[in-house]
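Below is one structure, written out as structure tokens, with a few remarks after it.
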Amino acid sequence: MYLHIGDSKVVALNDIIGVFNMKLKENQVNAKFLNSSPHDKPYKKEEEACNSFIVTNKKVYYSHIAPLTLQKRIEHKWE
22 MYLHIGDSKV VALNDIIGVF NMKLKENQVN AKFLNSSPHD KPYKKEEEAC
72 NSFIVTNKKV YYSHIAPLTL QKRIEHKWE
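Structure below.
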């Protein structure tokens, strides 16, 4: 099964490690992790509008969709 994370992107549910609020990027450790990991990073202006980041086995994805909405989509897939 797959999760639609916006901008015509889908991620396999089996690959997802976690869905996190973009506000966590303010923490120095999280910012360092995000900057050093392979990612599908949007342009700077688009990044400011992002609400969440999704950590997978392969890379980090940024999404405009709120983490709670993504969580509900995941839970709905497992019902």
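If you want the numbering used here, it's the 1-based position in the sequence shown plus 21.
Glycine included, every Cβ here is placed at the ideal spot set by N, Cα and C.
These figures come from a predicted structure and were not determined experimentally.
Ala33 and Ile26 have their C-alpha atoms spaced approximately 10 Å apart. Between the beta-carbon of Ala52 and that of Lys44 there is about 11 Å, and that puts the pair past the 8 Å contact cut.
Straight through space, the alpha carbons of Arg94 and Phe41 are spaced by roughly 14 Å. Shown here, Lys30 sits in a strand according to DSSP, grouped into three states. When Asn56, Ala70, Leu24 and Ser57 are compared, the shortest CA-CA separation from Gly39 is found for Leu24. Taking the C-beta atoms as reference points, Ile37 is found no nearer than 8 Å to Thr90.
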